[in-house]
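Chains as they are written, first to last, in our numbering: chain X, 1 to 316; chain W, 317 to 632.
Number of protein chains: 2
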Amino acid sequence: MPLSIDDVRQARDRISPHIHCTPVMKSSQINRLLGCEIFFKADNLQKVGAFKARGACNAVFSMDSSELERGVVTHSSGNHGAALAWAAALCNAPCTVVMPENAPQAKKDAVASYGATVQFCKATMAAREASVADIIAEQGTTLVHPYDQDSIIAGQGTAALEMLQQVDSPMDILMAPVGGGGLLSGSALVVKQSSAGAITKVYGAEPEMAADAFEGFKRGERISTYVPKTIADGLRGTLGVRNFALISEHVDDIFLTSEARIIESMKLIWSRLKMVVEPSAAVPLAVMMDHADVFKDKRVAIILSGGNLDLEQLPW
Amino acid sequence: MPLSIDDVRQARDRISPHIHCTPVMKSSQINRLLGCEIFFKADNLQKVGAFKARGACNAVFSMDSSELERGVVTHSSGNHGAALAWAAALCNAPCTVVMPENAPQAKKDAVASYGATVQFCKATMAAREASVADIIAEQGTTLVHPYDQDSIIAGQGTAALEMLQQVDSPMDILMAPVGGGGLLSGSALVVKQSSAGAITKVYGAEPEMAADAFEGFKRGERISTYVPKTIADGLRGTLGVRNFALISEHVDDIFLTSEARIIESMKLIWSRLKMVVEPSAAVPLAVMMDHADVFKDKRVAIILSGGNLDLEQLPW
Numbered sequence: 001m002p003l004s005i006d007d008v009r010q011a012r013d014r015i016s017p018h019i020h021c022t023p024v025m026k027s028s029q030i031n032r033l034l035g036c037e038i039f040f041k042a043d044n045l046q047k048v049g050a051f052k053a054r055g056a057c058n059a060v061f062s063m064d065s066s067e068l069e070r071g072v073v074t075h076s077s078g079n080h081g082a083a084l085a086w087a088a089a090l091c092n093a094p095c096t097v098v099m100p101e102n103a104p105q106a107k108k109d110a111v112a113s114y115g116a117t118v119q120f121c122k123a124t125m126a127a128r129e130a131s132v133a134d135i136i137a138e139q140g141t142t143l144v145h146p147y148d149q150d151s152i153i154a155g156q157g158t159a160a161l162e163m164l165q166q167v168d169s170p171m172d173i174l175m176a177p178v179g180g181g182g183l184l185s186g187s188a189l190v191v192k193q194s195s196a197g198a199i200t201k202v203y204g205a206e207p208e209m210a211a212d213a214f215e216g217f218k219r220g221e222r223i224s225t226y227v228p229k230t231i232a233d234g235l236r237g238t239l240g241v242r243n244f245a246l247i248s249e250h251v252d253d254i255f256l257t258s259e260a261r262i263i264e265s266m267k268l269i270w271s272r273l274k275m276v277v278e279p280s281a282a283v284p285l286a287v288m289m290d291h292a293d294v295f296k297d298k299r300v301a302i303i304l305s306g307g308n309l310d311l312e313q314l315p316w
Numbered sequence: 317m318p319l320s321i322d323d324v325r326q327a328r329d330r331i332s333p334h335i336h337c338t339p340v341m342k343s344s345q346i347n348r349l350l351g352c353e354i355f356f357k358a359d360n361l362q363k364v365g366a367f368k369a370r371g372a373c374n375a376v377f378s379m380d381s382s383e384l385e386r387g388v389v390t391h392s393s394g395n396h397g398a399a400l401a402w403a404a405a406l407c408n409a410p411c412t413v414v415m416p417e418n419a420p421q422a423k424k425d426a427v428a429s430y431g432a433t434v435q436f437c438k439a440t441m442a443a444r445e446a447s448v449a450d451i452i453a454e455q456g457t458t459l460v461h462p463y464d465q466d467s468i469i470a471g472q473g474t475a476a477l478e479m480l481q482q483v484d485s486p487m488d489i490l491m492a493p494v495g496g497g498g499l500l501s502g503s504a505l506v507v508k509q510s511s512a513g514a515i516t517k518v519y520g521a522e523p524e525m526a527a528d529a530f531e532g533f534k535r536g537e538r539i540s541t542y543v544p545k546t547i548a549d550g551l552r553g554t555l556g557v558r559n560f561a562l563i564s565e566h567v568d569d570i571f572l573t574s575e576a577r578i579i580e581s582m583k584l585i586w587s588r589l590k591m592v593v594e595p596s597a598a599v600p601l602a603v604m605m606d607h608a609d610v611f612k613d614k615r616v617a618i619i620l621s622g623g624n625l626d627l628e629q630l631p632w
């Protein structure tokens with residue numbers, strides 16, 4: 001059975017006792033500045049400070065007791081690791097997180113604070129996957145992939161599902177940042193399979209310096225090797241297989257934006273919405289600033305993906 | 317007639333079409349860290365980014381049309397100025413704001429962006445008041461004082477009034493930062509005149525480097541000359557006459573905290589609540605960190621007073 005909106009609905013029922021239904025925020029000043037109406041789904045206020053709590057919670061609560069007893073493992077630049085550590089702790093399941101050495105300190109600390117075992121590796125996808133494979137071979141733990149897994153995609157889709165209920169009237173566009181593609185593929189599934197006309201188009205937003213999803217989408221072929229150099233540390237993963245398939249089918253377009261614009265967007269969100277978001281979460285608004293004509297007079301739903309970063313190392 | 321909770325209720329009815337009923341936020345991590353339960357009233361998400369929108373809106377909407385036509389004037393380190401400019405614009409009333417030269421750039425910009433005339437003066441209370449007196453003499457405008465005025469105090473009290481409705485069960489303590497005393501006096505009035513037992517005690521929170529309210533409260537005599545040097549720019553004013561009287565009558569205690577603790581508290585709010593607050597708003601939580609024994613196991617309501625600051629000039 002291919003993944004469907006029903007899986008997302010089941011995920012919502014499964015995780016809703018544990019996660020926040022995060023608020024939708026607006027800023028009349030940002031709307032005036034960009035000439036459109038934006039609805040920000042504040043998943044920076046989610047458990048563990050990122051939407052990743054949704055997928056991790058769904059994955060862990062879908063496992064049986066013997067699997068939980070052996071524990072879970074993942075690789076993550078940070079937010080998924082923290083989310084899995086948090087979700088595993090809810091079920092008293094052991095958890096190991098493989099993290100790239102260059103992950104932000106705040107994210108390393110968060111993973112450890114939820115009681116997971118942290119293991120560092122080089123900052124490449126190959127190194128991450130090799131470390132995880134070793135751990136699975138040694139310990140018989142279950143991999144909970146950060147994005148390329150049905151239960152994760154269904155969980156991440158619950159943010160868009162909530163948004164459809166929170167914003168009454170139809171919207172023109174939903175936009176999510178794309179790294180590994182869990183959030184974007186889950187969101188696209190929800191939008192395209194929900195009752196007609198609630199949201200018309202789904203766009204991905206990606207940094208120019210991590211443009212593997214954009215290039216693969218345009219080419220019709222997933223790019224699996226890419227060395228990202230973006231400040232948006234949450235978007236440094238390359239698009240997963242399941243994610244690429246869903247995105248190819250359901251996403252209308254992917255837009256790029258520059259590092260400078262991501263920082264500008266981040267400051268705009270901090271200063272106008274008064275909310276702390278990490279660089280990755282600022283990418284959709286940065287895209288809107290770079291492609292103003294596409295979004296003029298539109299009603300746009302944006303998912304603010306997370307709010308975890310080192311306050312001592314701000315990019316301005 | 318002395319000011320009463322009925323004035324605050326009338327203020328709420330008058331301003332509620334124009335202001336936000338701001339959310340109450342919690343953080344299980346902050347609660348664990350401090351060993352108590354804290355309810356943060358997020359008035360950093362209020363119009364103009366501060367609770368000051370409440371008082372200014374109440375003051376302006378209490379004026380008659382001929383007064384509004386002549387316009388309003390005030391002196392302010394920033395948030396009250398922006399709030400008055402915003403409220404005056406709602407009524408098409410001219411507005412002049414006298415600001416100290418050392419106010420944060422973000423606050424200067426905000427006042428100008430709402431269409432008010434900005435006039436700079438030296439950073440002393442005497443200089444502020446002299447400039448305002450000149451403008452009133454020349455233009456026949458009405459002073460809307462930043463704190464020492466009944467309509468302002470009643471307006472600021474609406475934050476505590478909302479909180480009493482938003483948090484169901486009884487709380488032990490409500491704490492607000494104290495500068496000129498508008499927020500603290502209005503809050504104290506509400507708590508002490510509301511139905512018995514909803515909140516037991518009201519505390520003020522003040523920086524050691526701006527301890528005029530603390531010293532006057534302990535001495536039983538208002539201190540009118542004081543040179544504050546705190547990072548909490550919103551708390552640099554000295555306590556008003558009406559504010560001192562209400563605080564002496566209704567506030568249970570005032571606690572001090574250090575500059576370093578204010579910065580630590582600010583970072584804790586940014587990193588855990590994912591909300592941008594200015595230094596003044598972090599003072600109550602800083603007090604809790606400094607006086608942990610007073611707050612142990614208590615249910616504490618804190619008003620996050622504002623979120624306006626220069627992101628380029630963070631104190632860490």
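Backbone N, C-alpha and C define an ideal beta-carbon position, used for all residues, glycine too.
State yes or no: is the C-beta of residue i nearer than 7 Å to some heavy atom of the ligand ZN?
{"i": "X:Gly220", "result": "The ligand ZN is absent from the structure shown, which contains no ligands of any kind."}
Please confirm if residue i has its CB atom under 8 Å from at least one CB of chain X.
{"i": "W:Met479", "result": "no"}
{"i": "W:Ala422", "result": "yes"}
{"i": "W:Lys590", "result": "yes"}
{"i": "W:Ser587", "result": "yes"}
{"i": "W:Pro493", "result": "no"}
{"i": "W:Pro595", "result": "no"}
Leaving aside the five residues before and after residue i along the sequence, list all residues of the same chain whose C-beta is less than 6 Å from its C-beta, in chain order.
{"i": "X:Gly140", "result": "Arg70"}
{"i": "W:Cys337", "result": "Glu478"}
{"i": "X:Tyr226", "result": "Asp212 and Thr238"}
{"i": "X:Gly155", "result": "Ala11, Arg54, Gly55 and Asn58"}
{"i": "W:Ser378", "result": "Ser467"}
Chain W partners of residue i, CB-CB under 8 Å?
{"i": "X:Glu312", "result": "Trp632"}
{"i": "X:Gly307", "result": "Lys590"}
Verify the CB distance criterion: does residue i have a CB-CB separation below 8 Å to chain W?
{"i": "X:Leu239", "result": "no"}
{"i": "X:Pro100", "result": "no"}
{"i": "X:Leu45", "result": "yes"}
{"i": "X:Gly71", "result": "no"}
{"i": "X:Pro23", "result": "yes"}
Counting only Cβ pairs nearer than 7 Å, list the residues of chain W close to residue i.
{"i": "X:Lys267", "result": "Leu627"}
Just tell me which of the options has its CA closest to the CA of residue i.
{"i": "X:Glu37", "options": "X:Met163, X:Ala11, X:Lys108 and X:Phe295", "result": "X:Phe295"}
{"i": "W:Ile539", "options": "W:Thr546, W:Lys614 and W:Glu531", "result": "W:Glu531"}
{"i": "W:Val593", "options": "W:Lys545, W:Gly622 and W:Met604", "result": "W:Gly622"}
{"i": "X:Asn243", "options": "X:Asp252, X:Ile199, X:Leu268 and X:Gly181", "result": "X:Gly181"}
{"i": "X:Arg32", "options": "X:Cys57, X:Lys218, X:Lys47 and X:Lys298", "result": "X:Lys298"}
{"i": "X:Tyr147", "options": "X:Ser271, X:Ile5 and X:Ile247", "result": "X:Ile247"}
{"i": "W:Met491", "options": "W:Leu589, W:Ala432, W:Lys357 and W:Ile346", "result": "W:Lys357"}
{"i": "W:Thr546", "options": "W:Gly394, W:Asp466, W:Lys438 and W:Glu522", "result": "W:Glu522"}
{"i": "W:Trp586", "options": "X:Glu312, X:Ala103, X:Ser151 and X:Leu164", "result": "X:Glu312"}
{"i": "W:Phe571", "options": "W:Leu625, W:Lys363 and W:Val494", "result": "W:Val494"}
{"i": "W:Glu537", "options": "W:Glu565, W:Ala403 and W:Met441", "result": "W:Glu565"}
{"i": "X:Leu68", "options": "X:Val48, X:Arg14 and X:Ala89", "result": "X:Ala89"}
{"i": "W:Ile469", "options": "W:Asp626, W:Pro631 and W:Ser320", "result": "W:Ser320"}
To the nearest whole angstrom, what separates the beta carbons of residue i and residue j, a pair I think is in contact under 8 Å?
{"i": "W:Asn360", "j": "W:Met591", "result": "6 Å"}
{"i": "W:Ser581", "j": "W:Leu601", "result": "4 Å"}
{"i": "W:Val414", "j": "W:Lys424", "result": "Not really, about 12 Å apart at Cβ, beyond 8 Å."}
{"i": "X:Pro170", "j": "W:Pro339", "result": "With a Cβ gap of about 26 Å, X:Pro170 and W:Pro339 do not count as contacting."}
{"i": "W:Asp606", "j": "W:Arg577", "result": "6 Å"}
{"i": "W:Ala475", "j": "W:Ser503", "result": "7 Å"}
{"i": "X:Met173", "j": "X:Lys218", "result": "Residue identity differs from the one stated: residue 173 of chain X is Ile in this sequence, not Met. So it is not a contact: roughly 19 Å between Cβ atoms."}
{"i": "W:Val376", "j": "W:Gly397", "result": "With a Cβ gap of about 13 Å, W:Val376 and W:Gly397 do not count as contacting."}
{"i": "X:Ala83", "j": "X:Asn308", "result": "Not confirmed; about 10 Å, so no contact."}
What does residue i touch in chain X if you count any residue whose Cβ is under 7 Å from its own?
{"i": "W:Gly550", "result": "Simply none; closest approach about 14 Å."}
Give the interface partners of residue i over in chain W, defined as CB-CB distance under 9 Å, in chain order.
{"i": "X:Gly49", "result": "Ser587, Arg588 and Lys590"}
Can you list, in chain order, the residues of its chain with a C-beta nearer than 8 Å to that of residue i? Leave out the 5 residues immediately preceding and following it.
{"i": "W:Asp380", "result": "none"}
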